[in-house]
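In what follows, a single structure is set out as structure tokens and then discussed.
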Amino acid sequence: MVFAGLIINLKTLPEWVEGLKYISLVYYGVSGLSVNEFKGLEFCGETSINDACPGMEMALSKAKIPEGSGQSGVLANFLTNPETAEVLFTQKLELCVAGESGLDIQGIDYETVNKWFYAFMVFLGAMIAYTLTFIRLYFSNRH
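Under numbering that gives the first Met the number 0, the first residue of the sequence shown carries the number 0, and numbering increases by one thereafter.
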């Protein structure tokens, strides 16, 4: 399960460990189901910056934003002014996230690999396990 991306994000694994995911049946199962479920979907909803990024307002209020002239000065004044910042952080926004972005975050290849490849690999791994089990039971001592 570690190499399926359920416990640890696959992109955070060291390069020398990354190849171990290819011997995990759970990796192929989770990847295939994820591609089948999320590819081509778009998740939309109404939210505010406070809901989407909790703590952002507090972080910006404690940040030391340098005052200056030009656009950075206007932005600094806008973010540090409590009235304008409240409008910014409580305003409802229509936010849409593509399903492919979740696959990218998990490191699942959905562009070059077909979802049926993942299904075939699960089937192949199961057949290898069943064959090895049969051979072991066939040659075991029968009392």
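Cβ coordinates follow ideal geometry from the N, Cα and C atoms, glycine included.
- PHE138 carries a coil assignment under DSSP once its states are collapsed to helix, strand and coil.
- Residue state for LEU5 is assigned as coil, using DSSP reduced to three classes.
- Among the bridge pairs identified by DSSP, ALA97 is matched with GLU41.
- Under the 8 Å Cβ criterion, the segment 8–25 does not count as touching the segment 75–94, having fewer than three qualifying pairs.
- Segment contact: the segment 109–121 against the segment 31–46, three or more CB-CB distances shorter than 8 Å; contact assigned.
- As computed with DSSP, THR46 is found in a beta bridge with LEU92.
- 8 Å or more divides the Cβ of GLY31 from the Cβ of LEU94.
- At the C-beta level, LYS20 and LEU5 stay beyond 8 Å of one another.
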